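The sequence shown begins at -14 in the numbering used here and counts up by one.
We put the CB at the ideal spot given by N, CA and C, even for glycine.
Keep in mind the model is a prediction, meaning the values are calculated, not measured.
To start, the structure itself, in structure tokens.
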Amino acid sequence: MHEQRQAYGAGTYAQATAQRLHDLQNRLEVLIINGTHVLGMFVLGTWFVRSGAILQPERYTRLFAWLRWGAWPLGLTAMLLSVHLASWQDPSRIDVQASSAYVLSVIADLLMCLGYLAWGIRAAFALTWAAPAGRMALSNYLLQSVVCTLIFYGYGLGLFERLPRVWQLPFAIVLFIFQVALSQWWLQRFRFGPCEWLWRSFTYLHWAPLRTVATTRH
């Protein structure tokens, strides 16, 4: 932990990158565990799409009601228990308490994720303004990473662990609103986000059309 704070908070770009590679190596070592968890989430997501639950939620009212009022509260309870057992999950720590905290957090991730999905569908009419950001999820993720590393890391403004808690949530909200506005502006001119376009072109092995019809004619 000390090495991470030093590399990210006060290190150069090279030092931060070296620390990232070290962290990646540690992540790969537990991929056999985390990978199955992520794969399971992909399978669940596939079911929700192919079953029609996402496009026709009115056919699955009982399911979504249980996810809102059952899964989400259970997930929150499991997460609070996990934090109580171990507020910081050290991958190198192997004992009953740490393992129990990890298992509870994995269960909580799944239940709360499905709960948020159900609440999101219930309030879909109020979230349409954020839809452009979702259509450019990969591009926004990478942009967010660039902006935040330049603000917080040592080779940028160096605000790592210096921004007060009271300002962290407003910062995140302002950044997201900026990304929504940028996404709306971009998608008025282009079919996909820049990274989504590259990924789509790579997947289909040919350059996908990027500009919208109106932009092309202009």
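Only counting the same chain, and skipping five residues up and downstream in sequence, which positions put a Cβ closer than 7 Å to that of residue i?
i      : result
Trp182 : Ala193 and Leu195
Pro117 : Val165, Ser168, Gln169 and Leu172
Thr197 : Arg174, Phe175 and Arg176
Leu112 : Gly105
Leu66  : Leu89
Arg35  : none
How many Å lie between residue i and residue j at the Cα?
i        : j        : result
Tyr138   : Met97    : 31 Å
Arg185   : Tyr126   : 17 Å
Thr2     : Ala(-8)  : 9 Å
Tyr140   : Glu(-12) : 16 Å
Pro42    : Val15    : 36 Å
Thr134   : Ala93    : 28 Å
Asp8     : Arg44    : 44 Å
Leu167   : Gly37    : 31 Å
Tyr189   : Gln82    : 47 Å
Trp152   : His191   : 45 Å
Arg(-10) : Phe161   : 25 Å
Gly25    : Phe163   : 32 Å
Val159   : Ala109   : 21 Å
Gly20    : Pro155   : 33 Å
Val28    : Arg150   : 36 Å
Hey, residue i and residue j: beta-carbon distance below 7 Å or not?
i      : j      : result
Phe49  : Ala103 : yes
Ser85  : Leu95  : no
Leu89  : Ala63  : yes
Met121 : Gly178 : yes
His22  : Val91  : yes
Leaving out the 5 sequence neighbours to the left and right, which residues in its chain are closer than 6 Å to residue i when beta-carbon positions are compared?
i      : result
Leu52  : Leu99, Gly100 and Ala103
Ala115 : Val165
Gln0   : Ala(-8)
Enumerate in chain order the residues of its own chain whose CB-to-CB distance from residue i is below 8 Å, with the five nearest sequence positions on each side excluded.
i      : result
Arg107 : Phe49 and Arg53
Leu144 : Ile136 and Phe137
Between residue i and the ligand ZN, is there a pair consisting of the residue's CB and a ligand heavy atom that are separated by less than 6 Å?
i      : result
Leu154 : For the ligand ZN, the structure offers nothing, since it holds no ligand at all.
Nearest CA to the CA of residue i: which residue from the options?
i       : options                            : result
Tyr(-2) : Leu61, Ile79 and Leu142            : Leu142
Ser124  : Leu148, Tyr87, Val159 and Cys180   : Cys180
Gln4    : Met(-14), Ile18, Gly20 and Asn19   : Met(-14)
Ala(-5) : Phe161, Arg147 and Val68           : Arg147
Tyr87   : Phe187, Ile18, Arg(-10) and Ile162 : Ile18
Counting C-beta neighbours from all protein chains within 10 Å, is the total for residue i 16 or more, i.e. buried, or is it exposed?
i      : result
Ser72  : exposed
Ala56  : buried
Ser130 : exposed
Gly60  : buried
Taking 7 Å as the CB-CB limit, is residue i close to chain B?
i      : result
Asn125 : The structure shown has no chain B; it contains just one protein chain.
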